[in-house]
Each structure stands twice: as structure tokens, then as C-alpha cells.
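S.K.:
Written as C-alpha cells, this is what we have:
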């Protein structure tokens, strides 16, 4: 499938590399060229420089015929806005949005966005690790 | 009315002051500590330090009894989230967002923001109106009706100069509301004649704009 990833930080770069290795067609957007250095040297996908909450940048990344979109920048609000654009304007079938703030995450989840909150997941895992140690 | 303003930049500051002057209960949220200090020195208790995107902050300032939430930060994604959170979590009846990028207008409308205000677009059209030679200027957009109020200066070479309104083939959705000639204003009737350099004020639908341009012999 064709996937557009917004944000090439640690998570974005790792996700892009994994999807590329799994044989998918990947485009990664980041506003800094530097960020793309995090990608695997064998990465075959496209890299697009630009602000991902800009429709034109998303079009350049191929959002119009993408099967999936993932928003993983550092900014919750940027991820939220970009995901809603992907879902509501470009009608991308599968949209996943990372939101650090648990309250915001649950609100947008109720609004119908598929959301992942690493804060809650991370805390839960740490909790379990500590509890199991007893 | 209880109004919460998110973002204490220049727009937020002047907006808060003017709303306070009108007698409203206003609360301005600013997250930066230095900026907050400067604002609270002048506006006192009307400013609270905090992020209007954060539900906890909004709860503390009583967002659920707010009549209006206005988001005027310099970032469109922040303004979008402030308004959506206010609507969804706190059932605020009316949300108004500042648009920094005019292209986001349609997106914000689709995503449920009640009113969007685009300073960039307003400034552009005000400047356009002041540039000599521009014949066709949008003065105002009436969003709900999908209409625009246009100012049209009739060039001397327009084919309709000297013609009466009932002989001009105006588009159905283009209504001439007022003509200003020298210092006089004329409320036009069917047999009002158009003269060169008339300033014509028209109400026109977005789709009718092109037809009106053609009818009046003006090109942009």
C-alpha cells in the first residue's frame, strides 16, 4: 500500500524504514532536511520537505492516492490538524494520529480519529515492569 | 457574556482590552511566562497563565460556562485544537478562530469551527482597494449567504458606459446596490445610467463574480 508519514523524528524515521522494508510505497514529510538522515541508508521511499499541515505539501507527498496516513511530529496539534485534513479532505481510509496529551487523545478518539497515546502506553509498561519486580 | 481568549499576542491583547471595555467578562490565556508577566501587569486578573489547548487549564478557568471561545494564536493548528476542544469537551456554543493561513478557511469550516477570521486576507483586500487602477475589489464576504460585497470602478473604456442598467445583461446573482459618482451616492433603478469612473457596489455570489466582471467590462 501507499503510505504518507508526517514527521521524520525517531518514531517517524523508524516507522518509514519498517514500512519500506515491508515492501510498501512510503513518502515521509518533515520541515527539516536534516531529519531525513535518521532514515535507513537503504530507504527507497520519497522524502518531502515542507510543513505537513499545508495541503499543497500533502498533495506533493501523494496524499490524494494514499491508502494510509500517519502523523508523528512532535506537536500534538499539528498531528491532529494534519490527520483531520487527511481524513476529512482527502478521504484517506486509514489515518493514525499520535497524541502525547492523554486528555486530548481521548477527546479526538471520541471524535472518531484513530489515536495512539505513547504517554499512557509508556507509563503502563513502566508500571508493569516495576510491579513485576516485587 | 463570558469570553475566553486563547493566545496573548498583539491580537489577543487588543481584543481582550476592547472586549473588557464593552463590559464583557473576559479571560485571556497565555502560556509563555515572560509574555504572561507583561500582560498581567496591565490586565491583572483577566490574564491567566496556561495553554488553552489543555483541558485542565480550560477546566480551571471555567470553560464550560463560557459563551464564546476565541483562538488567536499565531499557529493555525493550535487555534483549531483550542476551538474543537472547547466545543467537544466543554460544549461552548460559539468558537471563533484566527486563520494565519487563508488557505485553511475551508478546512476549519469543515471541521466545525463556527467563525473564522483571516487577518491576512483582510489586509490583502484592504491594500488591493487602495492600489490605483484596481477595478474589482472584494470588500466583504458574507459567509453564510455565500455572497460577496464588491467595489467596482467602471473604466472609461467599459462597453457599458452610457448604458442604463436595464439594458445591461447582469448575472442573476449579481445585484447592484449602490453607485457613487463624484461625491454623490445613487440608489440605482432600472433606468440609471452608468458613467465612466462610477464606483459601483454590488452584491454577488461567488459563482456570479466572473459573469459580473464580463457584464461590466472589467478585467482583474
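Residue numbers (this note's numbering), protein chains in the order written: chain A, 49 to 182; chain B, 48 to 267. Cβ coordinates follow ideal geometry from the N, Cα and C atoms, glycine included. No experiment lies behind these values; they were computed from the predicted model shown.
#1: Look up residue 59 of chain B in the DSSP assignment and say whether it is helix, strand or coil.
#2: Between the alpha carbons of residue 59 of chain B and residue 192 of chain B, how many angstroms are there, rounded?
#3: Who does residue 116 of chain A pair with in a DSSP beta bridge?
#4: Using CA coordinates, which residue listed in B:133, B:121, B:159 and B:142 is at the minimum distance from residue 166 of chain B?
#5: Just list the residues that DSSP pairs residue 73 of chain A with in beta bridges.
#6: Using a beta-carbon distance cut-off of less than 7 Å, what residues from the stretch 149-167 of chain B approach chain A?
#7: Report yes or no: do the stretch 143-155 of chain A and the stretch 78-89 of chain A share at least 3 C-beta pairs separated by less than 8 Å?
#8: Select from A:87, A:54, A:49 and A:75 the residue whose C-alpha is nearest the C-alpha of residue 62 of chain A.
#9: Flag this pair as touching only if the stretch 221-232 of chain B and the stretch 246-253 of chain B have three or more C-beta atom pairs under 8 Å; answer yes or no.
#10: Using a Cβ cut-off of 9 Å, which residues of the stretch 115-140 of chain A contact any Cβ in chain B, in chain order?
#11: Going by Cα to Cα distance, which pick from B:265, B:231, B:73 and B:104 is closest to residue 91 of chain B?
#12: Mind checking who residue 90 of chain B pairs with in its DSSP beta bridge?
#13: Roughly how many angstroms separate the alpha carbons of residue 128 of chain A and residue 230 of chain B, rounded to a whole number?
#14: Mind the definition here: the stretch 127-135 of chain B touches the stretch 158-165 of chain B only if three or more C-beta pairs lie below 8 Å; say whether that holds.
#15: For the stretch 119-138 of chain A against the stretch 121-130 of chain B, do three or more pairs of beta-carbon atoms, one drawn from each stretch, fall closer than 8 Å, so that the two count as touching?
#16: Looking at residue 263 of chain B and residue 174 of chain B, is the spacing between their C-beta atoms short of 9 Å?
#17: Around the Cβ of residue 232 of chain B, are there at least 16 other Cβ atoms within 10 angstroms (buried) or fewer (exposed)?
#18: Can you give me the start and stop residues for the alpha helix (DSSP H) that residue 133 of chain A sits inside?
#19: Put residue 248 of chain B into one of helix, strand or coil per three-state DSSP.
#20: Does any residue of chain B bring its CB to less than 9 Å from the CB of residue 158 of chain A?
#21: Residues bridged to residue 94 of chain A by DSSP?
#22: Can you confirm whether the stretch 74-85 of chain B touches the stretch 142-153 of chain B when touching is taken to mean that 3 or more C-beta pairs between the two stretches lie within less than 8 Å?
#23: Locate the alpha helix (DSSP H) running through residue 178 of chain A, then write down its first and last residues.
#24: Taking only runs of the alpha helix (DSSP H) that begin and end inside the stretch 64-134 of chain B, which ones reach a length of at least 4 residues, in chain order?
#25: From this set, B:216, B:128, B:77 and B:68, which residue's C-alpha is nearest residue 156 of chain A's C-alpha?
#26: Taking the alpha-carbon of residue 138 of chain B as reference, which of B:113, B:147 and B:55 has the nearest alpha-carbon?
#27: Can you find at least 3 beta carbon pairs, one from the stretch 165-180 of chain A and one from the stretch 90-109 of chain B, that sit closer than 8 Å?
#28: According to DSSP, is residue 48 of chain B part of a helix, a strand, or is it coil?
#29: Between A:167, A:106, A:74 and A:105, which lies nearest to residue 92 of chain A when the distance is taken from Cα to Cα?
#30: Hey, does residue 62 of chain B have any beta-carbon neighbour from chain A nearer than 9 Å?
#31: Hey, out of B:109, B:111, B:75 and B:88, whose CA is closest to residue 95 of chain B's CA?
#32: Could you give the DSSP three-state label for residue 111 of chain A: helix, strand or coil?
#33: Straight-line CA distance for residue 105 of chain A to residue 162 of chain A?
#34: Against chain A, does residue 267 of chain B count as a neighbour if the rule is that its beta carbon must be under 9 Å from one of theirs?
#35: Beta carbons nearer than 8 Å to chain A: which residues of the stretch 107-135 of chain B have them?
#36: Go through its chain and collect everything with a Cβ distance to residue 164 of chain A's Cβ below 6 Å, but skip five positions before and after it.
M.R.: Looking at the coordinates:
#1: Residue 59 of chain B falls in the helix class under three-state DSSP.
#2: Roughly 28 Å between the two C-alpha positions.
#3: According to the DSSP secondary-structure assignment, residue 116 of chain A is paired through a beta bridge with A:51 and A:142.
#4: Checked all of B:133, B:121, B:159 and B:142; the closest Cα to residue 166 of chain B is B:121.
#5: As DSSP reads the structure, residue 73 of chain A sits in a beta bridge with A:50.
#6: Contacts with chain A (Cβ-Cβ distance below 7 Å) from the stretch 149-167 of chain B involve 150, 154, 157 and 158, listed in chain order.
#7: Segments in contact, no.
#8: Minimum Cα distance to residue 62 of chain A is reached at A:87.
#9: A contact exists between the stretch 221-232 of chain B and the stretch 246-253 of chain B.
#10: Legend: CB atoms of the stretch 115-140 of chain A lying less than 9 Å from CB atoms of chain B belong to residues 123, 124, 125, 126, 127, 128, 129, 130, 132, 133, 136 and 137.
#11: Looking from the CA of residue 91 of chain B, the closest CA among B:265, B:231, B:73 and B:104 belongs to B:73.
#12: Beta-bridge pairing links residue 90 of chain B to no other residue.
#13: Cα to Cα, residue 128 of chain A sits roughly 52 Å from residue 230 of chain B.
#14: Taking 8 Å as the limit for Cβ pairs, the verdict is that the stretch 158-165 of chain B does touch the stretch 127-135 of chain B.
#15: Contact annotation: the stretch 119-138 of chain A touches the stretch 121-130 of chain B, with at least three C-beta pairs closer than 8 Å.
#16: For residue 174 of chain B and residue 263 of chain B, no; Cβs fall outside 9 Å.
#17: With fewer than 16 Cβ atoms within 10 Å of its Cβ, residue 232 of chain B is classed as exposed.
#18: Element bounds for residue 133 of chain A: n/a, residue is neither H nor E.
#19: Three-state result, residue 248 of chain B: strand.
#20: For residue 158 of chain A, the answer is yes, since a Cβ of chain B falls inside 9 Å of its Cβ.
#21: Residue pairing by DSSP places residue 94 of chain A opposite A:75 in a beta bridge.
#22: No, they do not touch.
#23: Counted as a single uninterrupted DSSP element, the alpha helix (DSSP H) harbouring residue 178 of chain A occupies residues 166-179.
#24: List check, alpha helix (DSSP H) in window: 80-90 and 102-107.
#25: Of the candidates B:216, B:128, B:77 and B:68, the one whose C-alpha sits nearest the C-alpha of residue 156 of chain A is B:128.
#26: It is B:113.
#27: Result no; under three Cβ-Cβ pairs closer than 8 Å.
#28: Reduced to three states, the DSSP call for residue 48 of chain B is coil.
#29: The closest CA to that of residue 92 of chain A, considering only A:167, A:106, A:74 and A:105, is found on A:74.
#30: Not one chain A Cβ lies under 9 Å of residue 62 of chain B.
#31: From the listed residues B:109, B:111, B:75 and B:88, the smallest Cα separation to residue 95 of chain B is found for B:75.
#32: If DSSP states are grouped into helix, strand and coil, residue 111 of chain A belongs with the helices.
#33: Roughly 22 Å separates the two Cα atoms.
#34: Confidence at residue 267 of chain B is low in this model, with a pLDDT of 45, below 50, so the placement of that residue should be treated as unreliable; the coordinate-derived value is given next. Closer than 9 Å: no.
#35: Against chain A - using a Cβ distance shorter than 8 Å - the residues of the stretch 107-135 of chain B are 122, 123, 124, 125, 127, 128, 131, 132 and 135.
#36: If we look at residue 164 of chain A and ignore the five residues flanking it on each side, its Cβ neighbours are 146.
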